[in-house]
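All the letters of the sequence shown, read from the start, carry residue numbers 3 to 196 under the working numbering.
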Amino acid sequence: MADTSIIIGQIAMMFMILALGYALHHTGFIDDHGASQLSDLVLYVANPALIAQALMRDFDPALLVGAGWVVLFTVVTLAISCALGAVAYRPNGPHGQMGRFAVTFSNAGFIGIPLAMATVGPDGVFYISIANTVQTVLLWTYGTALASGDHSAASPKRVLTNSAIIAMAAGFVCFLASWQPPAVVDRRSTRLAP
């Protein structure tokens with residue numbers, strides 16, 4: 003029952019953030035340009051930093067094995083989602099490519115990471131960061147092709163230079179080396195005095 007209340011609380015918090023964003027945009031406090039900049043800040047800075055932080059922890063062979071299973075499960079899940087999207091939405095249908103996009107990709111990062119932290123702790127965030135990275139690779143290839151309608155837009159260079167992928171690689175190297183950032187840059191190390 004405690005986990006249910008945590009999940010409800012986290013979802014309520016997400017909706018409050020959503021409502022605040024809507025109110026700020028609706029009143030003109032944030033215009034379309036500002037909203038685009040905030041979106042870029044989350045996508046290219048905050049999310050990669052969160053992924054890197056989740057992976058920067060002491061090496062644990064059990065976590066490494068678990069990460070392998072998460073990659074396999076995520077690949078299988080995304081393959082099934084792609085197949086379902088292809089069956090449900092024809093390319094020239096009323097929703098076409100964007101319907102396929104919506105069926106294939108989840109918002110695991112935005113809502114998944116806070117829920118994982120609140121319910122299962124750092125291990126959950128570690129695993130969901132791995133899954134989110136696998137999805138990011140597909141998002142910047144297949145997803146980009148779907149959204150733009152141009153298959154040439156899905157380039158390996160865009161994947162390899164994506165900030166989330168770079169953060170994942172850096173964080174995973176730190177995990178293998180059991181390296182963690184100094185306390186001054188890592189909020190997890192901050193403790194309140196009794």
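Glycine included, every Cβ here is placed at the ideal spot set by N, Cα and C. The structure displayed is predicted, hence computed values, not measured ones.
DSSP three-state call for residue i: helix, strand or coil?
i: alanine 127; result: Note on identity: in this sequence residue 127 is valine, with alanine being the wrong assignment. Looking at valine 127 - three-state DSSP - the assignment turns out to be helix.
i: phenylalanine 31; result: coil
i: proline 116; result: helix
i: asparagine 164; result: coil
i: valine 122; result: coil
i: asparagine 134; result: helix
i: methionine 15; result: helix
Please report the residue range of the alpha helix (DSSP H) in which residue i lies.
i: alanine 110; result: From DSSP, alanine 110 is part of no alpha helix (DSSP H); its letter is neither H nor E.
i: proline 63; result: 63-90
i: glutamine 182; result: No alpha helix (DSSP H) holds glutamine 182; DSSP gives it neither H nor E.
i: histidine 35; result: 34-43
i: leucine 148; result: 146-150
i: leucine 52; result: 49-57
i: serine 157; result: From DSSP, serine 157 is part of no alpha helix (DSSP H); its letter is neither H nor E.
i: valine 105; result: 98-106
Using a 10 Å radius around the Cβ and a threshold of 16 neighbouring Cβ atoms, would you call residue i buried or exposed?
i: glutamine 39; result: exposed
i: alanine 54; result: buried
i: serine 180; result: exposed
i: methionine 18; result: exposed
i: arginine 129; result: For the record, residue 129 in the displayed sequence is tyrosine; it is not arginine. With 16 or more other Cβ atoms within 10 Å, it is buried.
i: arginine 193; result: In this predicted model, arginine 193 has a pLDDT of only 42, less than 50, meaning its place in the structure is not dependable enough to derive any value.
i: histidine 71; result: Sequence check: residue 71 is tryptophan here, not histidine. Exposed, by the Cβ-count rule.
Verify the CB distance criterion: does residue i have a CB-CB separation below 9 Å to chain D?
i: glycine 98; result: Annotation note: the requested chain D is absent from the structure, which comprises a single protein chain.
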